[in-house]
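If you're matching them up, the sequences are chains A and B in order. If you use the working numbering, the first sequence corresponds to residues 879 to 1047, in order. If you use the working numbering, the second sequence corresponds to residues 87 to 189, in order.
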Amino acid sequence: MLDHLPENTTASDAAASQSSAKRRPNAPLWIGFLVSIFAFLSYIPIFAKYPSTRDMPWANFLIFALGLVFLFFGLRRAFLQPVLYRGKIAGPILTTLSVAALVFFCLTIFSLGKHLPPSTQAPKVGQKAPDFALADINGRTVSLATLLSAPDASHPTKGVLLVFYRGYW
Amino acid sequence: MQDFEKLGVKPVAISVDSPTQSQDLCRKADYTYTFLSDPNTEAIRRYDVLHKGAGVSGHDIARPAEFLIDSTGTIRWINLTDDLRVRARPDQMLGAASTLASQ
């Protein structure tokens, strides 16, 4: 493209004279941005479902890394070949947004979930489990004693696993 | 779930949800084990797994926690997570249950 320009025209003059519409769109910037947003949004609906990608969200970090690689190449193009490619303005904005998504993701994942009470008074292993009497889904009152002694000839009750969960409130 | 049944260990889920809410959950997710309602956080406080004001509009709810209790009523295994995201995995709970069942 530059071959056809007069010899006394510098590259920056050429850049200025070129309308931005003539420059090629810088796809890696947008791909990188979209990949980063996907990395951010995909944790809860997809990766939090599997313990191996939930406890340490390596899959999301991998996707973030991929997004940042795209952004890096996009930025390089935008700044090293501004005559050929667009993205000198969009590039830094998209990169900032992507990095912000990554930072926010880390904050959410590694700090918000840890605000749990210490439960220092919880019964310990070897101690007697406190009894309780609560309503089941049919409104019948069920106590720990009945759970432990419920007759079931084929499968004698060896124990009860209490799972406390947050619920839908 | 059948694995727990085979071992003779009953999973029991406890939250502040009402019986109706738990019923909906059971129907939707096809859960067959026992769900108990603790709206006044009686059992939740007795096991010291209350998460004060963590629910919608500041309601007290249970923090995630698992207790395995043997047939004599003695606690045999506990899992108190330090992170909301990281709960006991089914294989951890099954492992603890099978240790109990084999004794």
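Positions of the beta carbon are idealized from the N, C-alpha and C atoms, including for glycine.
Beta-carbon proximity of residue i to residue j, cut-off 8 Å
i, j, result
"residue 1038(A)", "residue 1012(A)", "no"
"residue 149(B)", "residue 995(A)", "yes"
"residue 906(A)", "residue 964(A)", "no"
"residue 166(B)", "residue 997(A)", "yes"
"residue 183(B)", "residue 152(B)", "no"
"residue 1002(A)", "residue 161(B)", "yes"
"residue 1014(A)", "residue 121(B)", "yes"
Pick from the options that is closest to residue i, judged by C-alpha positions
i, options, result
"residue 917(A)", "970(A), 936(A) and 1044(A)", "936(A)"
"residue 119(B)", "91(B), 182(B), 186(B) and 174(B)", "91(B)"
"residue 1025(A)", "154(B), 128(B) and 147(B)", "154(B)"
"residue 199(B)", "147(B), 111(B) and 103(B)", "Any question about residue 199(B) goes unanswered here, given that chain B covers just 87 to 189."
"residue 163(B)", "1014(A), 967(A) and 1004(A)", "1004(A)"
"residue 188(B)", "168(B), 172(B), 117(B) and 157(B)", "157(B)"
"residue 1007(A)", "139(B), 129(B) and 176(B)", "129(B)"
Cutoff 8 Å: residue i Cβ touching any chain B Cβ
i, result
"residue 1035(A)", "yes"
"residue 1042(A)", "yes"
"residue 920(A)", "no"
"residue 879(A)", "The pLDDT assigned to residue 879(A) is 47, lower than 50, so where the model puts this residue is not dependable; a value taken from the coordinates is nonetheless given after this. No, residue 879(A) does not count as interfacial toward chain B."
"residue 843(A)", "There is no way to answer for residue 843(A), as the model of chain A reaches only from 879 to 1047."
"residue 976(A)", "no"
Where the beta strand (DSSP E) through residue i begins and ends
i, result
"residue 96(B)", "95-101"
"residue 155(B)", "151-156"
"residue 1000(A)", "No beta strand (DSSP E) holds residue 1000(A); DSSP gives it neither H nor E."
Buried or exposed by the 16-neighbour rule on C-beta atoms within 10 Å, applied to residue i
i, result
"residue 919(A)", "exposed"
"residue 976(A)", "buried"
"residue 1034(A)", "exposed"
Host alpha helix (DSSP H) of residue i (start-end)
i, result
"residue 1037(A)", "Where residue 1037(A) is concerned, there is no enclosing alpha helix (DSSP H), although the beta strand (DSSP E) it sits in stretches over 1037-1042."
"residue 925(A)", "No alpha helix (DSSP H) holds residue 925(A); DSSP gives it neither H nor E."
8 Å Cβ cutoff, residue i in contact with chain A
i, result
"residue 159(B)", "yes"
"residue 114(B)", "no"
Contacts that residue i makes with chain C (C-beta to C-beta distance below 8 Å)
i, result
"residue 932(A)", "The structure shown contains no chain C; its protein chains are A and B."
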